[in-house]
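Residues 302 to 451 (the numbering used here) make up the sequence shown, in order.
A short write-up of the structure that comes next.
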Amino acid sequence: MDELYLDDLTVGQTFESEGHALDAAQIIAFARDFDPQVFHTDSAGAEGTFFGGLAASGWHTAAITMRQLVASIPLANGVIGGGGEIRWPTPTRADDVLQVRTRIEEIIFSRSKPGRGAVVAHCVTLNQHDEIRQEFRPKLVAWKRGVLPG
(Lines of atoms letter the chains of each structure in order from A and count residues from 1; the text may use other names and numbers.)
(Lines give C-alpha, C1' and ligand atoms only; values in the text may rest on other atoms or scores of the structure.)
Protein backbone atom coordinates (compact mmCIF):
# COMPACT_ATOMS: atom_id res chain seq x y z
CA MET A 1 0.00 0.00 0.00
CA ASP A 2 1.28 3.48 -0.87
CA GLU A 3 1.98 6.04 1.83
CA LEU A 4 -1.07 8.07 2.77
CA TYR A 5 -1.14 11.82 3.24
CA LEU A 6 -3.74 14.07 4.84
CA ASP A 7 -5.10 14.73 1.33
CA ASP A 8 -5.78 10.98 0.86
CA LEU A 9 -7.88 10.52 4.00
CA THR A 10 -11.65 10.95 4.33
CA VAL A 11 -14.06 10.81 7.25
CA GLY A 12 -15.60 7.35 7.34
CA GLN A 13 -12.61 5.69 5.69
CA THR A 14 -11.77 2.32 7.26
CA PHE A 15 -8.66 0.20 7.68
CA GLU A 16 -8.28 -3.36 8.93
CA SER A 17 -5.14 -5.04 10.22
CA GLU A 18 -3.99 -8.61 9.93
CA GLY A 19 -4.42 -10.84 12.97
CA HIS A 20 -1.83 -11.19 15.72
CA ALA A 21 -1.86 -14.50 17.63
CA LEU A 22 -1.05 -14.21 21.32
CA ASP A 23 -0.01 -16.95 23.72
CA ALA A 24 0.72 -17.24 27.44
CA ALA A 25 4.49 -17.03 26.94
CA GLN A 26 4.19 -13.66 25.16
CA ILE A 27 1.85 -12.31 27.85
CA ILE A 28 4.17 -13.38 30.67
CA ALA A 29 7.35 -12.12 28.95
CA PHE A 30 5.89 -8.67 28.29
CA ALA A 31 4.51 -8.41 31.82
CA ARG A 32 7.76 -9.45 33.48
CA ASP A 33 9.48 -6.53 31.73
CA PHE A 34 6.76 -3.87 31.82
CA ASP A 35 3.80 -4.70 34.11
CA PRO A 36 4.90 -7.29 36.69
CA GLN A 37 1.64 -8.14 38.42
CA VAL A 38 0.57 -11.69 39.28
CA PHE A 39 -2.46 -11.70 36.95
CA HIS A 40 -0.06 -10.98 34.04
CA THR A 41 2.93 -13.12 35.07
CA ASP A 42 1.61 -16.31 36.70
CA SER A 43 -1.17 -18.46 35.23
CA ALA A 44 -1.85 -20.31 38.49
CA GLY A 45 -1.58 -17.21 40.66
CA ALA A 46 -3.93 -15.33 38.34
CA GLU A 47 -6.80 -17.75 39.02
CA GLY A 48 -7.74 -16.09 42.32
CA THR A 49 -7.61 -12.52 41.03
CA PHE A 50 -10.15 -10.08 39.62
CA PHE A 51 -9.37 -11.45 36.13
CA GLY A 52 -9.95 -15.10 37.08
CA GLY A 53 -6.97 -16.21 35.01
CA LEU A 54 -3.98 -14.99 33.07
CA ALA A 55 -4.67 -11.67 31.33
CA ALA A 56 -2.40 -9.60 29.12
CA SER A 57 -1.42 -6.18 30.38
CA GLY A 58 -3.50 -3.46 28.77
CA TRP A 59 -0.18 -1.93 27.73
CA HIS A 60 0.68 -5.16 25.92
CA THR A 61 -2.63 -4.95 24.05
CA ALA A 62 -1.85 -1.30 23.29
CA ALA A 63 1.61 -2.19 21.97
CA ILE A 64 0.18 -4.87 19.68
CA THR A 65 -2.48 -2.40 18.54
CA MET A 66 0.21 0.16 17.70
CA ARG A 67 2.15 -2.37 15.65
CA GLN A 68 -1.00 -3.26 13.74
CA LEU A 69 -1.86 0.41 13.17
CA VAL A 70 1.58 1.06 11.68
CA ALA A 71 1.12 -1.92 9.35
CA SER A 72 -2.47 -1.17 8.31
CA ILE A 73 -2.45 2.65 8.04
CA PRO A 74 0.70 3.62 6.14
CA LEU A 75 0.71 7.32 6.99
CA ALA A 76 3.52 9.20 5.31
CA ASN A 77 6.09 10.21 7.94
CA GLY A 78 4.75 7.67 10.46
CA VAL A 79 1.83 7.07 12.79
CA ILE A 80 2.48 9.91 15.24
CA GLY A 81 0.14 10.39 18.16
CA GLY A 82 -0.92 13.71 19.58
CA GLY A 83 -3.15 12.50 22.40
CA GLY A 84 -6.21 10.33 22.72
CA GLU A 85 -8.31 8.07 24.90
CA ILE A 86 -7.89 4.37 25.59
CA ARG A 87 -9.98 1.77 27.40
CA TRP A 88 -9.88 -1.98 27.89
CA PRO A 89 -13.44 -3.30 28.33
CA THR A 90 -12.39 -6.97 28.51
CA PRO A 91 -8.99 -8.55 29.16
CA THR A 92 -6.85 -9.92 26.38
CA ARG A 93 -6.21 -13.63 26.94
CA ALA A 94 -3.73 -16.26 25.83
CA ASP A 95 -4.85 -17.72 22.49
CA ASP A 96 -6.55 -14.48 21.42
CA VAL A 97 -5.94 -13.47 17.83
CA LEU A 98 -6.10 -9.68 17.82
CA GLN A 99 -7.16 -7.55 14.87
CA VAL A 100 -7.56 -3.77 14.71
CA ARG A 101 -10.38 -2.10 12.81
CA THR A 102 -9.96 1.64 12.37
CA ARG A 103 -12.39 4.30 11.17
CA ILE A 104 -11.46 7.93 10.50
CA GLU A 105 -13.88 10.05 12.56
CA GLU A 106 -12.60 13.57 11.99
CA ILE A 107 -9.97 15.46 10.02
CA ILE A 108 -8.83 18.79 11.43
CA PHE A 109 -6.67 21.05 9.27
CA SER A 110 -4.21 23.20 11.22
CA ARG A 111 -4.64 26.95 10.93
CA SER A 112 -1.20 27.75 12.31
CA LYS A 113 0.63 25.04 10.34
CA PRO A 114 -1.17 24.80 6.98
CA GLY A 115 0.82 21.80 5.76
CA ARG A 116 -0.43 19.49 8.47
CA GLY A 117 -3.45 18.45 10.43
CA ALA A 118 -4.87 15.98 12.90
CA VAL A 119 -6.79 12.82 12.17
CA VAL A 120 -9.11 11.54 14.89
CA ALA A 121 -9.58 7.80 14.54
CA HIS A 122 -11.61 5.15 16.35
CA CYS A 123 -9.52 1.99 16.64
CA VAL A 124 -11.15 -1.16 17.97
CA THR A 125 -8.99 -4.15 18.85
CA LEU A 126 -11.01 -7.36 18.69
CA ASN A 127 -10.23 -11.01 19.22
CA GLN A 128 -11.23 -13.86 16.92
CA HIS A 129 -14.72 -13.92 18.52
CA ASP A 130 -15.26 -10.18 17.85
CA GLU A 131 -14.95 -9.43 21.57
CA ILE A 132 -13.62 -5.91 22.10
CA ARG A 133 -10.31 -6.01 23.94
CA GLN A 134 -9.39 -2.35 23.47
CA GLU A 135 -10.90 0.88 22.18
CA PHE A 136 -8.53 3.66 21.26
CA ARG A 137 -9.37 7.14 19.98
CA PRO A 138 -6.05 8.69 18.98
CA LYS A 139 -5.46 12.07 17.45
CA LEU A 140 -2.80 11.43 14.81
CA VAL A 141 -0.57 14.01 13.17
CA ALA A 142 -0.62 13.89 9.35
CA TRP A 143 0.93 15.99 6.60
CA LYS A 144 -0.36 17.16 3.25
CA ARG A 145 1.34 15.73 0.18
CA GLY A 146 4.50 17.66 -0.71
CA VAL A 147 5.00 19.11 2.79
CA LEU A 148 8.02 17.99 4.77
CA PRO A 149 7.60 17.43 8.51
CA GLY A 150 9.32 19.89 10.73
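No residue lacks a Cβ here, since even glycine has one placed at the ideal position from N, Cα and C.
Item: State the DSSP-derived secondary structure class of A419, mapped to helix, strand or coil.; Value: strand
Item: Count the C-beta pairs between the region 326-341 and the region 355-363 that are closer than 8 Å, then say yes if the count reaches three, no if not.; Value: yes
Item: Using only alpha-carbon positions, find the residue among G416, R412, R388 and K445 that is nearest to I433.; Value: R388
Item: Per DSSP, what are the beta-bridge partners of R402 in this structure?; Value: E317 and V425
Item: Cα separation between L399 and V339?; Value: 23 Å
Item: Checking the sheet assignment: what are the DSSP bridge partners for P255?; Value: Residue coverage of the chain in this structure runs from 302 to 451, which leaves residue 255 outside it and unanswerable.
Item: Using 8 Å as the Cβ pair cut-off and three pairs as the minimum, do the region 410-423 and the region 340-351 touch?; Value: no
Item: Within the continuous alpha helix (DSSP H) that includes I365, where are the two ends?; Value: G359 to S373
Item: Quick one: residues in its chain with C-beta nearer than 8 Å to the C-beta of E319, no 5 flanking neighbours on either side, listed in chain order?; Value: Q369, A372, S373 and Q400
Item: In whole angstroms, what is the alpha-carbon distance linking T350 and A363?; Value: 22 Å
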